[in-house]
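Below: one structure, written as structure tokens.
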Amino acid sequence: MKNLARAGVAGAMMVSLAGCAQLGGSPPPPPAAVGPAPPYAGLASGVLGASLDAADRTAANNAEIAALNSGDRKTWRGDDGTYGYVAPSAANGDCRDFTHTVYINGRPQVGKGTACKADGGWKLKS
Numbered sequence: 020m021k022n023l024a025r026a027g028v029a030g031a032m033m034v035s036l037a038g039c040a041q042l043g044g045s046p047p048p049p050p051a052a053v054g055p056a057p058p059y060a061g062l063a064s065g066v067l068g069a070s071l072d073a074a075d076r077t078a079a080n081n082a083e084i085a086a087l088n089s090g091d092r093k094t095w096r097g098d099d100g101t102y103g104y105v106a107p108s109a110a111n112g113d114c115r116d117f118t119h120t121v122y123i124n125g126r127p128q129v130g131k132g133t134a135c136k137a138d139g140g141w142k143l144k145s
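Residue numbers for the sequence shown, in the numbering used here: 20 to 145.
See below:
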């Protein structure tokens, strides 16, 4: 009797699985791999941030991204007394002009740039 019950369950499972195979055949392909946006290299990654250490450059670039995304002025402060702010202008399509002021030893250094949306993030125009 137990063998008959097991055979019934096994048969039901085979019919169920066969139905799945008939519906779709092979499984659908996985979605296309979309990698993360390339790291943002802003004005602080160039001449404007030449005397900044890596942590300060990261803070400055993160402020640029935040300002570009929001359209609002964003400030940042480094670990060794450096600081600055990013002042974006109104968006122009997928691009936005901005000014980044970095204070090193109390002296301002100003850079101007334009960044455009690209690959799910922002890219500084050359």
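The C-beta atom is built at its ideal place from N, Cα and C for all residues, glycine as well. These numbers come from a predicted model, not from an experiment.
For the alpha helix (DSSP H) containing residue i, list its first residue and its last residue.
i: ASP98; result: First-last for ASP98: undefined, no H or E at that position.
So, residue i versus residue j, is the Cβ gap smaller than 8 Å?
i: ASN80; j: TYR59; result: yes
i: PRO107; j: PHE117; result: yes
i: LEU87; j: TRP141; result: yes
So for residue i, helix, strand or coil by DSSP?
i: SER108; result: strand
i: ALA79; result: helix
i: LEU71; result: coil
i: ALA86; result: helix
i: ALA60; result: coil
Between the C-alpha atoms of residue i and residue j, what's the straight-line distance to the nearest angstrom?
i: GLY130; j: GLY65; result: 10 Å
i: ARG115; j: GLY90; result: 8 Å
For the beta strand (DSSP E) holding residue i, just list the boundary residues, first then last.
i: ASP116; result: 114–123
i: GLY65; result: Unbroken run through GLY65: none, as it is neither H nor E.
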